[in-house]
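Okay, so here's the structure we're looking at.
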Ligand code: TXA
Ligand code: MG
């Protein structure tokens with residue numbers, strides 16, 4: 287560790303080396319980290335998250351130079367994408383090397399890898415000098431945390447240390463691209479847009495936005511869900527129409543790009559989410575806000591379907607199916 291490493295990060299590294307859990311900021315969402323080479327440390331993540339075993343975790347690396355230690359058969363597309371977007375909100379799925387434990391991959395042959403862009407995450411990763419396995423630092427199926435306070439509220443003392451790096455810049459998770467086949471395929475839209483991927487690859491990327499198997503929770507139909515029921519509508523008029531039909535004793539909250547005029551006074555308008563980038567940035571905090579207000583129902587007008595708007599709409603779709 288260099289002498290310039292901050293005392294908090296020195297402590298974080300000690301905890302990781304001892305097999306403990308450290309929550310840390312990334313530019314997408316906060317992660318719940320453990321030493322990716324230590325199976326019993328990785329198992330603790332599943333206990334704390336209450337996440338079913340067998341769901342694979344992303345391994346965070348300090349830099350692209352370590353890619354070969356964790357993955358083999360690295361395709362041209364994987365080279366191009368990691369070169370273009372690391373450090374950044376991109377995860378690539380590749381064949382694992384023997385050093386990746388079964389606990390990380392769910393027993394499969396494929397590992398998810400990413401170099402995050404947050405300065406504190408990078409300081410931690412460089413000081414640790416190896417891979418940190420980290421899912422989002424929330425309980426399974428719930429809303430991802432974008433501040434240290436969210437992590438504390440969700441996980442309390444179950445995590446040994448929470449590094450506070452301020453609110454996450456992007457606000458929703460990384461884009462996941464499966465690079466194990468000839469044709470790379472997006473399996474979760476996120477912080478890197480489809481347009482950006484196409485440009486880096488020089489051809490349109492395939493997109494899989496259906497439901498994958500259970501071993502990929504972020505791609506399951508019901509996920510990212512607040513306690514309030516979520517209904518996604520297309521326009522302000524739909525919100526008006528819906529608001530008229532709701533019983534008086536129900537608390538209804540509304541989330542939209544801009545304020546909506548003329549809603550019944552009983553409807554709570556959350557602060558407007560703005561354009562697609564801003565929407566991604568505030569989305570999870572707004573979902574939490576709906577729960578803080580005790581909303582029974584959250585009616586959402588999503589951002590337009592371009593750029594990062596795709597990823598926001600993906601999360602909203604899953605949040606809407608979160609309670610069945
Ligand atoms: O932005 C992010 O990706 C954040 C930050 C902390 O890096 N992490 C995150 O992790 O969202 P998590 O565990 O909440 O979601 C990771 C998703 C899983 O749901 C799964 O769909 C996919 O990554 N994944 C990871 N490894 C995989 C693998 N080996 N095969 C298939 N899918 C995998
Ligand atoms: Mg997650």
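Residue numbers (the working numbering): 287 to 610.
Built from N, CA and C at the ideal position, the CB exists for glycine as well.
I need the boundaries of the alpha helix (DSSP H) containing residue i, first residue and last residue.
{"i": "residue 595", "result": "595 to 606"}
{"i": "residue 371", "result": "362 to 371"}
{"i": "residue 618", "result": "The structure shown does not extend to residue 618, since the chain is modelled only from 287 through 610, so no value can be given for it."}
{"i": "residue 354", "result": "353 to 356"}
{"i": "residue 531", "result": "522 to 531"}
{"i": "residue 591", "result": "No alpha helix (DSSP H) contains residue 591, which DSSP labels as neither H nor E."}
{"i": "residue 558", "result": "Element bounds for residue 558: n/a, residue is neither H nor E."}
{"i": "residue 386", "result": "Segment: none, residue 386 is in no alpha helix (DSSP H) and carries neither H nor E."}
Where does the unbroken beta strand (DSSP E) through residue i begin, and where does it stop?
{"i": "residue 381", "result": "376 to 382"}
{"i": "residue 346", "result": "344 to 346"}
{"i": "residue 334", "result": "Segment 325 to 335 is the alpha helix (DSSP H) holding residue 334; no beta strand (DSSP E) there."}
{"i": "residue 464", "result": "461 to 464"}
{"i": "residue 396", "result": "396 to 400"}
Residue i by DSSP, collapsed to three states: which one?
{"i": "residue 319", "result": "strand"}
{"i": "residue 579", "result": "coil"}
{"i": "residue 471", "result": "strand"}
{"i": "residue 418", "result": "strand"}
{"i": "residue 456", "result": "coil"}
{"i": "residue 492", "result": "strand"}
{"i": "residue 552", "result": "coil"}
{"i": "residue 448", "result": "strand"}
{"i": "residue 534", "result": "coil"}
{"i": "residue 546", "result": "coil"}
{"i": "residue 478", "result": "coil"}
{"i": "residue 564", "result": "helix"}
{"i": "residue 431", "result": "coil"}
{"i": "residue 510", "result": "coil"}
{"i": "residue 291", "result": "coil"}
{"i": "residue 412", "result": "helix"}
{"i": "residue 350", "result": "helix"}
{"i": "residue 405", "result": "helix"}
{"i": "residue 298", "result": "helix"}
{"i": "residue 423", "result": "coil"}
{"i": "residue 339", "result": "coil"}
{"i": "residue 304", "result": "coil"}
{"i": "residue 574", "result": "helix"}
{"i": "residue 569", "result": "helix"}
{"i": "residue 501", "result": "Only weak support exists for where residue 501 lies, its pLDDT of 49 falling under 50; the value from the coordinates is given anyway. Coil."}
Just grab the DSSP bridge partners of residue i for me.
{"i": "residue 584", "result": "516 and 539"}
{"i": "residue 310", "result": "317"}
Kindly indicate if chain B contains any beta-carbon less than 8 Å away from that of residue i.
{"i": "residue 452", "result": "No chain B appears in this structure, which consists of one protein chain only."}
Taking 7 Å as the cut-off, is the CB of residue i close to at least one heavy atom of the ligand NAP?
{"i": "residue 591", "result": "The ligand NAP is not part of this structure, which contains only the ligand TXA and the ligand MG."}
- prompt: Any chance the stretch 448 to 463 sits against the stretch 307 to 325, with 3 or more Cβ pairs inside 8 Å?
  reply: yes
query: Any contact of the stretch 581 to 594 with the stretch 528 to 544, i.e. 3+ C-beta pairs under 8 Å?
result: yes
query: Taking three-plus beta-carbon pairs below 8 Å as touching, is the stretch 471 to 480 in contact with the stretch 316 to 336?
result: no
- request: Spell out a yes or no on whether the stretch 542 to 560 and the stretch 509 to 517 are touching, meaning 3 or more CB-CB pairs, one atom from each, closer than 8 Å.
  value: no
message: Taking 8 Å as the cut-off, does the stretch 478 to 498 touch the stretch 329 to 345 (at least 3 CB pairs, one atom from each stretch)?
response: no
field: Sufficient close CB pairs (3 or more, under 8 Å) joining the stretch 418 to 438 to the stretch 370 to 380
entry: no
query: Just checking, does the stretch 427 to 444 make contact with the stretch 538 to 545 on the three C-beta pairs under 8 Å criterion?
result: no
- prompt: Do the stretch 459 to 470 and the stretch 354 to 369 make contact, defined as three or more Cβ pairs closer than 8 Å?
  reply: yes
field: Touching by the beta-carbon criterion (3+ pairs, under 8 Å), the stretch 388 to 402 and the stretch 439 to 449
entry: no
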